[in-house]
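Worksheet for the structure shown next.
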């Protein structure tokens, strides 16, 4: 694999994940930024800077422990303590890996990159878990109270869920070819963000739980998006029963999402969103171009390219609902094509946050 592109994909996804959380702890945000910088510097093979960032991260956890714990919800303090210790423990093997001296372009350097990547992935997941404990206890109540009453019968996700989709080629023996590396399956893990899009996320997770997506095919793969979720690609039915999912946009600076209107129609076309379409593998809800509330079951993965779709200057932010992002194996989307089959779709974590209706 191209390590530069792979790490860039992962960095963007994790950065986006932190941005979507409604927390106000500056020490926690700085810790998340430092963890991201380790990925960036590893990508550039700037081992000394990556190692220095590890030491900074350890210093934040050790010296700002009180501030970090104070930001955690009171009832979750014990879990917060455990996660802080996990972070310190996880930094040890990462520092060891980054400190080793390997020749450029050698097999040993590739092993070092593998080990560093795995350690950073674990570290990032732990940071994410810590930051989720900092979401204010009354935030969910405010979030649900802001949902218009006409959507009371729709599912809602009042938290975050982790979902796994597995794709296979339609012909037996066909493999996914990603820059010369062959895979029998393309297995992607995504975070679905109910903190910013409770209705869209709830409807999506509900359909995953109902096995709706299993055995459906990819209907669009054009280098811009990979789209799926149409139950009858050659028929009149293009969504789940009669369910209509409203447009749901969370503008930066707002306290809750807005519904059924684009930022342009709301005369805020200039506004940025809490989750901008700026990561490879970002999840977006497909809808009719001219009708805001027309989504149902179809969604897409954005194949983000910064030169073509700069964040804040594309045609998606404020017009389409972004409800999550891919955190594992996003690079495999490069060879997910029309006709490929979803052989498995399941919820790995977060089922407890799904409510079937108000």
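Residue numbers (my numbering): 9 to 366.
Think of the CB as a built atom: it goes at the ideal place given N, C-alpha and C, for glycine as much as any other residue.
Here the structure is a predicted model, which is why all the values come from computation and not from measurement.
For residue i, the first and last residue of its enclosing alpha helix (DSSP H)
i: residue 147; result: 147-153
i: residue 201; result: Element bounds for residue 201: not the alpha helix (DSSP H) but the beta strand (DSSP E), 194-201.
i: residue 290; result: Not the alpha helix (DSSP H): residue 290 falls in the beta strand (DSSP E), residues 290-293.
i: residue 38; result: 34-51
i: residue 209; result: 206-217
i: residue 63; result: 55-71
Backbone CA spacing between residue i and residue j [nearest angstrom]
i: residue 90; j: residue 161; result: 38 angstroms
i: residue 47; j: residue 94; result: 19 angstroms
i: residue 152; j: residue 114; result: 53 angstroms
i: residue 64; j: residue 326; result: 36 angstroms
i: residue 347; j: residue 264; result: 38 angstroms
i: residue 218; j: residue 60; result: 47 angstroms
i: residue 242; j: residue 365; result: 31 angstroms
i: residue 101; j: residue 126; result: 10 angstroms
i: residue 111; j: residue 58; result: 17 angstroms
i: residue 119; j: residue 332; result: 31 angstroms
i: residue 116; j: residue 123; result: 10 angstroms
i: residue 352; j: residue 83; result: 36 angstroms
i: residue 97; j: residue 295; result: 45 angstroms
i: residue 167; j: residue 190; result: 35 angstroms
i: residue 203; j: residue 148; result: 8 angstroms
i: residue 56; j: residue 128; result: 16 angstroms
i: residue 323; j: residue 66; result: 40 angstroms
i: residue 363; j: residue 214; result: 9 angstroms
i: residue 62; j: residue 273; result: 45 angstroms
i: residue 225; j: residue 271; result: 32 angstroms
i: residue 176; j: residue 230; result: 18 angstroms
i: residue 201; j: residue 195; result: 19 angstroms
8 angstroms contact criterion, which residue i and residue j should meet: CB distance rounded
i: residue 209; j: residue 251; result: Not confirmed; about 14 angstroms, so no contact.
i: residue 267; j: residue 254; result: 5 angstroms
i: residue 36; j: residue 139; result: 6 angstroms
i: residue 223; j: residue 350; result: 7 angstroms
i: residue 197; j: residue 355; result: Contact doesn't hold; Cβ gap of about 11 angstroms is too wide.
i: residue 248; j: residue 220; result: 6 angstroms
i: residue 30; j: residue 144; result: 7 angstroms
Distance cut-off 8 angstroms: residue i Cβ against heavy atoms of the ligand HEM
i: residue 183; result: What this structure holds is no ligand at all, so the ligand HEM is not there to describe.
Terminal residues of the beta strand (DSSP E) in which residue i lies
i: residue 183; result: Note, residue 183: premise wrong, no beta strand (DSSP E); not H, not E.
i: residue 113; result: Element bounds for residue 113: n/a, residue is neither H nor E.
i: residue 279; result: Unbroken run through residue 279: none, as it is neither H nor E.
i: residue 330; result: 330-336
i: residue 240; result: Run containing residue 240: none; DSSP gives neither H nor E here.
i: residue 309; result: 307-310
i: residue 350; result: 349-357
Beta-carbon proximity list for residue i, same chain, < 6 angstroms, skipping 5 on both sides
i: residue 245; result: 239
i: residue 330; result: 283, 285, 290 and 292
i: residue 336; result: 197
i: residue 306; result: 237, 238 and 294
Own chain residues within Cβ distance below 7 angstroms of residue i, not counting five before or after
i: residue 159; result: 207 and 254
Cut-off 8 angstroms between Cβ atoms - residues of its own chain near residue i, not counting five sequence neighbours on either side
i: residue 186; result: 9, 339, 340, 342 and 343
Q: Taking 8 angstroms as the threshold, find out whether the stretch 296-312 comes into contact with the stretch 221-238 through three or more Cβ pairs.
A: yes
(Q) Is it the case that the stretch 132-148 contacts the stretch 174-181, given that we only count it when at least three CB pairs across the two stretches are under 8 angstroms? (A) no
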